[in-house]
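Residue numbers (our numbering): 1 to 334. Even glycine gets a Cβ: it sits at the ideal position worked out from N, Cα and C.
In structure tokens form, the structure reads like this:
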């Protein structure tokens with residue numbers, strides 16, 4: 001695979017030139033971006049997947065929903081429908097995408113919409129009178145000019161260490177990071193030292209206007225199914241199967257191994273659409289544990305008490321209040 005990726009370097013250079021040229025045209029105003037009067041916050045990345053966008057969106061929802069009418073707009077990746085759709089919560093993941101459905105199931109008050117055309121999606125959402133719109137994974141969608149860009153990069157996969165697709169996983173050249181006001185290094189070790197933080201800061205070569213934060217994935221101590229909960233520790237004496245269809249399951253696998261659990265791991269690609277044969281095979285297992293994103297696709301196919309998910313959330317290593325103030329500063333300014 002590494003040899004094949006190296007052979008694709010010419011295509012990666014071409015792809016990088018095309019995306020760099022496109023960004024140059026937007027930056028020069030030759031290609032037009034649309035701005036909005038209400039606060040529009042974009043959460044995105046330069047790498048393709050695996051940086052923790054969904055936990056960050058949920059963090060912002062939990063923070064903002066008590067005081068504001070908040071909407072989220074996603075593409076609805078791998079859904080089998082087209083155009084704009086405002087979720088009620090009764091849809092399937094196949095109809096609207098797993099992550100938007102997860103947001104709606106978890107935060108019923110939030111207005112959740114999907115539309116590959118973000119301009120059209122925002123236009124339709126404005127009829128619902130939101131006070132804030134969160135754009136999920138729209139950093140490269142230059143037709144919309146978000147008022148605040150939050151760029152995520154995983155600690156063990158910094159964008160400055162990556163290469164353009166298809167040799168690496170970058171969606172655009174690293175100079176694109178300059179569009180972000182806030183950069184969050186995600187999935188950090190919980191005990192990251194200040195010296196290690198400064199090493200990362202130096203690697204990222206931040207601009208004067210950019211703020212840098214460090215976060216980690218915090219796992220819940222309970223696992224949840226549709227009608228019941230139980231302590232994660234109750235799995236200590238049980239053999240179970242872990243099912244993942246996310247971009248990077250390594251942190252979760254490492255966490256469960258560190259806790260001393262005995263499990264088999266069934267690994268699928270990100271946003272995997274499970275076949276009937278795969279569901280039938282998984283139904284032979286007595287106990288299944290999965291991620292929340294996978295759970296919204298899988299839960300209707302298993303009997304009660306057979307399938308559980310482990311909730312995760314974004315937690316900051318430091319300066320969390322400063323991060324919140326930065327968000328509110330932008331919201332109040334708009």
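One alpha carbon belongs to residue 241, the other to residue 251, and they sit about 16 Å apart. When the beta-carbon positions are compared, residue 115 and residue 84 come within less than 8 Å of each other.
Rounded to whole angstroms, the gap between the alpha carbons of residue 183 and residue 304 is 41 Å.
Cβ-Cβ separation between residue 166 and residue 277: approximately 30 Å, too far for a contact (criterion under 8 Å). Closest option to residue 225, judged by alpha-carbon separation, among 187, 295, 188, 199: 295. Take the alpha-carbon of residue 195 and the one of residue 319: they are about 16 Å apart. Here DSSP, grouped into helix, strand and coil, assigns residue 164 to strand. Across the set 197, 8, 282, 151, the C-alpha of 282 shows the shortest separation from the C-alpha of residue 244. For the beta strand (DSSP E) assignment, the uninterrupted runs of no fewer than 3 residues enclosed by the segment 207-235 are, from N- to C-terminal side, 211-219, 222-224, 229-231.
Within 10 angstroms of the beta-carbon of residue 53 lie 16 or more other beta-carbons, which makes it buried. Put simply, the backbone Cα of residue 326 is about 44 Å away from that of residue 279. Around the C-beta of residue 151, 16 or more other C-beta atoms lie within 10 Å, and the residue is accordingly described as buried.
Annotation note: the segment 94-165 contains the following uninterrupted beta strand (DSSP E) runs of length 3 or greater, listed N- to C-terminal: 111-114, 132-136, 148-154. Straight across, the Cα-Cα distance linking residue 215 with residue 289 is about 24 Å.
The beta strand (DSSP E) runs of length 3 or more contained entirely in the segment 14-58 are, from start to end of the chain, 40-45. Spanning the alpha carbons of residue 202 and residue 102 requires a straight line of approximately 36 Å. Taking 8 Å as the cut-off, the Cβ atoms of residue 118 and residue 143 count as close. Pairing residue 65 with residue 15, the inter-Cα distance amounts to about 39 Å. Each residue's CA atom was taken as its position, placing residue 141 and residue 261 some 41 Å apart.
Proximity to residue 193 across 236, 44, 155 peaks at 155, based on C-alpha coordinates. Taking residue 128 as reference, the option from 86, 159, 312 with the minimal CA-CA separation is 86. In terms of Cα proximity to residue 122, the closest of 39, 291, 297, 324 is 39.
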